[in-house]
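The next block holds one structure in the form of structure tokens; read it before the comments.
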Amino acid sequence: MNKVEIAVAPEKLGATARNDNWWVEPALVATGFTIFIVYATWRGLFEPQYFEWGPYLSPFYSPRILLDWWHWSPAILVLWVPAGFRATCYYYRKAYYRAYFLDPPACAVGHLGGDKYCGETTFPFVLQNLHRYFFYLAVAVLAFLWYDAIRAFDFHGQFGVGVGSLIFLANVVFLSFYTFGCHAYRHLVGGKLDCFSCSARTKTRFKIWSVVTKLNEHHMLWAWVSLFSVGFADLYVRLLAGHVITDIRLF
Amino acid sequence: MPEAIMKVFRGISREAGEFKTYKVPVEEGMVVLDAIHYIQGFLDPELSVRWNCKAAKCGSCSAEVNGYPSLMCKTRMDRFPEGQEITVEPLKTFPLVKDLVTDVSWNYEVNKKIPPFTPKPDADWTFMQEDIERVQEFRKCIECFLCQDVCHVLRDHDRKDVFAGPRFFVRMAGLEMHPLDALNRAEFLKDHAGLGFCNITKCCTEVCPEEIHITDNAIIPLKERVVDEFYDPVLMFFKKIFGKS
Chain A
376 MNKVEIAVAP
386 EKLGATARND
396 NWWVEPALVA
406 TGFTIFIVYA
416 TWRGLFEPQY
426 FEWGPYLSPF
436 YSPRILLDWW
446 HWSPAILVLW
456 VPAGFRATCY
466 YYRKAYYRAY
476 FLDPPACAVG
486 HLGGDKYCGE
496 TTFPFVLQNL
506 HRYFFYLAVA
516 VLAFLWYDAI
526 RAFDFHGQFG
536 VGVGSLIFLA
546 NVVFLSFYTF
556 GCHAYRHLVG
566 GKLDCFSCSA
576 RTKTRFKIWS
586 VVTKLNEHHM
596 LWAWVSLFSV
606 GFADLYVRLL
616 AGHVITDIRL
626 F
Chain B
871 MPEAIMKVFR
881 GISREAGEFK
891 TYKVPVEEGM
901 VVLDAIHYIQ
911 GFLDPELSVR
921 WNCKAAKCGS
931 CSAEVNGYPS
941 LMCKTRMDRF
951 PEGQEITVEP
961 LKTFPLVKDL
971 VTDVSWNYEV
981 NKKIPPFTPK
991 PDADWTFMQE
1001 DIERVQEFRK
1011 CIECFLCQDV
1021 CHVLRDHDRK
1031 DVFAGPRFFV
1041 RMAGLEMHPL
1051 DALNRAEFLK
1061 DHAGLGFCNI
1071 TKCCTEVCPE
1081 EIHITDNAII
1091 PLKERVVDEF
1101 YDPVLMFFKK
1111 IFGKS
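Chain order of the listed sequences is A and B.
Using this note's numbering, read the first sequence as starting at 376 and increasing by one per residue.
Using this note's numbering, read the second sequence as starting at 871 and increasing by one per residue.
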């Protein structure tokens, strides 16, 4: 592209003629992310003793990986997968580029940063292109979480339903909506095709792509709901294991 | 009749220009472009503004209303509280010509560089609705260039030297996803259109008056196609062995 006359000098952070509350959204996003990151780090690194109660296994510790030579929290062996999946997610990228990097904090609002903007063309942000690999790994973790959710209805070999069972089931459903509404999956399952009607195989892929597209339209919603639900499921196990609350058996 | 206080940018350069304030009577159903026309007709005939259809279909009357990139003909006056000043200024990303008129010709130069629609030699020109539906969304673009104006890669970082901008990713998505197009533009997208400079902040989608899902339906699918070609080692391996991904 040709270099053209600069239209306007770069503005300083926050400079805008907008008179609405444009700062509310990035402020809420930064607050929400920070609370979750601090909580997940504290739970994952410093409280490995409160990861299980009865049939409930904290999603931060699932799948449960026990290695003789590993002397730190087993959550570390698991959490990098969902963390990587969410960090490279196209929705979260928008959210944290705005809320943390302030580049830009909101539309038509002055940004933070100098003249060396490279976007996602250089290290480390070029690694965002590996999102599909984190998707593959996240699906594997999700399979374990489904196993845990089913196991949450098994009370000493008897079928039962506790409040925790419902929390675990809701959590894994929300996580599935988030995972299978992923933009990379949408591409892999059918988006990369130019012709949907060309064969029986592409017609099937079109049907799957259409369902994924429906989920993808609400990707931000599922990203937040599943982030909240996974944190809440872990907190519930933490409170049970610490004898702060008791699980109510519905039947 | 209630009056609106309009603060309109006047001048032939951003440094020497200034905002002038006008009082405009407001009628029911009025849009910002009506107020600008009132100023032109009754208060200040030298005010320059580009417009054409007044129906949100020509994309000519793009401006920044209260700092937000908008079509003036689609911005109703009754959305602003009575007594609130309404600022109207030219698009910030493009060089100023005069008052509310900017020079958007850079966009046309970018457009010329895009490899055009290239049908397969044996193309069957009948195709199914589901094959063309994605492309039809992109054809709604009216080239108002609001997305180009708001995109921080162009607006704040001024990377017009390496970045084509969201409007042209929409056009290229329409070509890439067309069932009859035979060309692969992944390399052009990566190396010449600067797709990697986009960091998905979605402002282009927010301001689009045609409500095209620019980021989700055009830019991200294009990014994934570039990943197929340049960043997915497994696909690249299979492509090398079998000749296609």
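We put the beta carbon where it would ideally sit given N, CA and C, even for glycine.
The structure displayed is predicted, hence computed values, not measured ones.
Neighbouring residues, chain A, relative to Val967 (chain B) (Cβ below 8 Å) = As a first step, residue 967 (chain B) must be located in the second sequence, where it is residue number 97. Against chain A, a Cβ distance below 8 Å from Val967 (chain B) picks out nothing, because the smallest value is about 11 Å.
At a Cβ cut of 9 Å, what residues of the region 410-427 of chain A count as close to chain B, listed as they run along the chain?
-> Residues passing the 9 Å Cβ filter: none.
Cβ of His618 (chain A) within 8 Å of any chain B Cβ = The residue labelled residue 618 (chain A) in the question sits at position 243 within the first sequence. Residue-level contact check: His618 (chain A) does not touch chain B, since none of the beta carbons of chain B fall below 8 Å from its beta carbon.
Beta-carbon spacing of Ser883 (chain B), Leu966 (chain B) below 8 Å | Numbered from its first residue, the second sequence carries residue 883 (chain B) at position 13. Numbered from its first residue, the second sequence carries residue 966 (chain B) at position 96. If you check the CB distance, Ser883 (chain B) and Leu966 (chain B) come in under 8 Å.
What residue range is occupied by the uninterrupted beta strand (DSSP E) comprising Pro895 (chain B)?
-> What you label residue 895 (chain B) is simply residue 25 of the second sequence in a count that begins at 1. From DSSP, the beta strand (DSSP E) with Pro895 (chain B) extends over Glu888 to Pro895.
Pick out whichever of A:Arg580, A:Gly494 and A:Arg576 has its Cα sitting closest to the Cα of Phe561 (chain A).
-> The sequence position of residue 561 (chain A) within the first sequence is 186, counting from 1. First, the residue type needs correcting, since residue 561 (chain A) is Arg and not Phe in the sequence shown. The option with the nearest alpha carbon to Arg561 (chain A) is A:Arg580.
Given Leu913 (chain B) as reference, the closest of B:Thr891, B:Cys1078 and B:Ile1012 once Cα atoms are compared | Here residue 913 (chain B) refers to the residue found at position 43 when the second sequence is read from its first residue. Checked all of B:Thr891, B:Cys1078 and B:Ile1012; the closest Cα to Leu913 (chain B) is B:Thr891.
Using a Cβ-Cβ cut-off of 8 Å, state whether Lys1072 (chain B) counts as contacting chain A.
-> If you number the second sequence from 1, residue 1072 (chain B) lands on position 202. Taking Cβ atoms only, chain A reaches closer than 8 Å to Lys1072 (chain B), which makes this a yes.
Starting from Phe879 (chain B), trace the beta strand (DSSP E) both ways and give me its first and last residue.
-> By one-based count along the second sequence, residue 879 (chain B) stands at place 9. From DSSP, the beta strand (DSSP E) with Phe879 (chain B) extends over Glu873 to Arg880.
8 Å contact criterion, which Leu1116 (chain B) and Ser932 (chain B) should meet: CB distance rounded = The displayed coordinates of chain B run from 871 to 1115. Any statement about residue 1116 (chain B) would go beyond what the structure contains.
Determine which residues share a DSSP beta bridge with Val971 (chain B) and list them.
-> Mapped onto the second sequence, residue 971 (chain B) falls at position 101. Val971 (chain B) is bridged to B:Lys968.
When B:Ala993, B:Lys1030 and B:Arg1095 are compared against Trp976 (chain B), the one with the closest alpha-carbon = Working through the second sequence from its first residue, we reach residue 976 (chain B) at position 106. Considering only B:Ala993, B:Lys1030 and B:Arg1095, the residue with the shortest C-alpha distance to Trp976 (chain B) is B:Lys1030.
Inter-residue Cα distance where the pair is Leu941 (chain B) and Val935 (chain B) | In the second sequence, residue 941 (chain B) corresponds to position 71, counting from 1. In the second sequence, residue 935 (chain B) corresponds to position 65, counting from 1. Leu941 (chain B) and Val935 (chain B): Cα-Cα distance of roughly 8 Å.
Provide the residue(s) that pair with Tyr938 (chain B) in DSSP beta bridges, ordered along the chain.
-> The sequence position of residue 938 (chain B) within the second sequence is 68, counting from 1. Note: Tyr938 (chain B) sits in a beta bridge opposite B:Val935.
Test: Ser574 (chain A) CB closer than 8 Å to a CB of chain B | The residue labelled residue 574 (chain A) in the question sits at position 199 within the first sequence. At a cut-off of 8 Å between beta-carbon atoms, Ser574 (chain A) makes no contact with chain B.
From B:Asn922, B:Val894, B:Val971 and B:Ala925, pick the residue whose C-alpha is nearest to that of Gly911 (chain B); which is it?
-> Here residue 911 (chain B) refers to the residue found at position 41 of the second sequence. Minimum Cα distance to Gly911 (chain B) is reached at B:Val894.
Look up Leu432 (chain A) in the DSSP assignment and say whether it is helix, strand or coil.
-> Working through the first sequence from its first residue, we reach residue 432 (chain A) at position 57. DSSP places Leu432 (chain A) in strand when its eight states are reduced to three.
How about Pro939 (chain B) and Asp1026 (chain B): are their beta carbons less than 8 Å apart?
-> What you label residue 939 (chain B) is simply residue 69 of the second sequence in a count that begins at 1. What you label residue 1026 (chain B) is simply residue 156 of the second sequence in a count that begins at 1. No Cβ-Cβ contact shorter than 8 Å links Pro939 (chain B) with Asp1026 (chain B).
Excluding the five sequence neighbours on either side, which residues of its own chain have a C-beta within less than 8 Å of the C-beta of Pro985 (chain B), listed in chain order?
-> The sequence position of residue 985 (chain B) within the second sequence is 115, counting from 1. Once the five neighbours on either side are set aside, the close Cβ partners of Pro985 (chain B) are Leu1045, Leu1053, Arg1055 and Phe1058.
Identity of the residue in A:Phe435, A:Thr409, A:Trp584 and A:Ala462 nearest Phe547 (chain A) by Cα = Mapped onto the first sequence, residue 547 (chain A) falls at position 172. Rather than Phe, the amino acid found at residue 547 (chain A) in this sequence is Val. For the options A:Phe435, A:Thr409, A:Trp584 and A:Ala462, the alpha carbon positioned closest to that of Val547 (chain A) is the one of A:Phe435.
Which class does Phe534 (chain A) belong to by DSSP, given the choice of helix, strand or coil?
-> Translated into the one-based positions of the first sequence, residue 534 (chain A) becomes position 159. It is a strand residue.
Secondary structure of Pro960 (chain B), DSSP reduced to three states | Here the question's residue 960 (chain B) lines up with position 90 in the second sequence. Shown here, Pro960 (chain B) sits in coil according to DSSP, grouped into three states, outside any helix or strand.
Figure out for me which residue from A:Asn394, A:Phe534 and A:Val514 has the closest Cα to the Cα of Pro438 (chain A).
-> On the first sequence, position 63 is the one that residue 438 (chain A) refers to. Taking only the C-alpha atoms, the option nearest Pro438 (chain A) is A:Val514.
Report, in whole angstroms, the separation of the C-beta atoms of Gly566 (chain A) and Trp584 (chain A), which I expect to be a contact under 8 Å.
-> By 1-based counting over the first sequence, the position of residue 566 (chain A) is 191. By 1-based counting over the first sequence, the position of residue 584 (chain A) is 209. The beta-carbon separation of Gly566 (chain A) and Trp584 (chain A), rounded to 6 Å, stays under the 8 Å limit for a contact.
Could you say which of B:Met876, B:Lys1060, B:Tyr978 and B:Arg1004 lies nearest to Phe964 (chain B) if we only look at CA atoms?
-> Residue mapping note: residue 964 (chain B) aligns to position 94 of the second sequence, counting from 1. Minimum Cα-Cα distance from Phe964 (chain B) among the listed residues B:Met876, B:Lys1060, B:Tyr978 and B:Arg1004 corresponds to B:Tyr978.
Element boundaries [alpha helix (DSSP H), containing Glu1046 (chain B)] | Locating residue 1046 (chain B) in the second sequence gives position 176, counting from the first residue. For Glu1046 (chain B), the uninterrupted alpha helix (DSSP H) segment begins and ends at Pro1036 to Glu1046.
For Leu1050 (chain B), which option in B:Met998, B:Thr1071 and B:Cys1011 has the closest C-alpha, if you only look at C-alpha atoms?
-> Translated into positions along the second sequence, residue 1050 (chain B) becomes position 180. Closest by alpha carbon: B:Met998.
Counting only the same chain and skipping the five closest in sequence on each side, list residues whose C-beta sits under 8 Å from that of Leu615 (chain A).
-> One-based indexing of the first sequence puts residue 615 (chain A) at position 240. Excluding positions up to five away in sequence, the list reads Trp428, Gly429, Tyr431, Gly539, Thr621 and Asp622.
Report the residue from A:Ser433, A:Met595 and A:Phe509 whose alpha carbon sits nearest the alpha carbon of Thr1071 (chain B).
-> Numbered from its first residue, the second sequence carries residue 1071 (chain B) at position 201. It is A:Met595 whose Cα lies nearest to the Cα of Thr1071 (chain B).
Between which two residues does the alpha helix (DSSP H) containing Asp395 (chain A) stretch?
-> Here the question's residue 395 (chain A) lines up with position 20 in the first sequence. From DSSP, Asp395 (chain A) is part of no alpha helix (DSSP H); its letter is neither H nor E.
Between B:Leu1065, B:Thr972 and B:Val1032, which lies nearest to Asn504 (chain A) when the distance is taken from Cα to Cα?
-> For the purposes of this step, residue 504 (chain A) is taken as the residue at position 129 of the first sequence. When only C-alpha atoms are compared, the closest one is B:Leu1065.
Got a sec: is the Cβ-Cβ distance from Glu380 (chain A) to anything in chain B below 8 Å?
-> Along the first sequence, one-based indexing puts residue 380 (chain A) at 5. Its pLDDT being 41, under 50, Glu380 (chain A) is placed unreliably in this model, and the coordinates cannot settle the point.
Between Trp397 (chain A) and Ala481 (chain A), which are expected to be in contact by the criterion C-beta below 8 Å, what is the C-beta distance as a whole number of angstroms?
-> Counted from its first residue, the first sequence places residue 397 (chain A) at position 22. Counted from its first residue, the first sequence places residue 481 (chain A) at position 106. Contact flag correct, Cβ pair sits at about 4 Å.
Comparing alpha-carbon positions, which option in B:Phe889, B:Arg920 and B:Lys1109 lies nearest Leu903 (chain B)?
-> Translated into the one-based positions of the second sequence, residue 903 (chain B) becomes position 33. Out of B:Phe889, B:Arg920 and B:Lys1109, B:Arg920 has the C-alpha closest to the C-alpha of Leu903 (chain B).
Report yes or no: is there a C-beta of chain A within less than 8 Å of the C-beta of Gly911 (chain B)?
-> By one-based count along the second sequence, residue 911 (chain B) stands at place 41. Look at Gly911 (chain B): its C-beta is not under 8 Å from any C-beta on chain A.
Is Leu542 (chain A) buried or exposed, if buried means 16 or more other CB atoms sit within 10 Å of its CB?
-> Here residue 542 (chain A) corresponds to residue number 167 of the first sequence, with the count starting at 1. One detail in the question is off: residue 542 (chain A) reads as Ile in this sequence, not Leu. The residue is buried, with at least 16 neighbouring Cβ atoms inside 10 Å.
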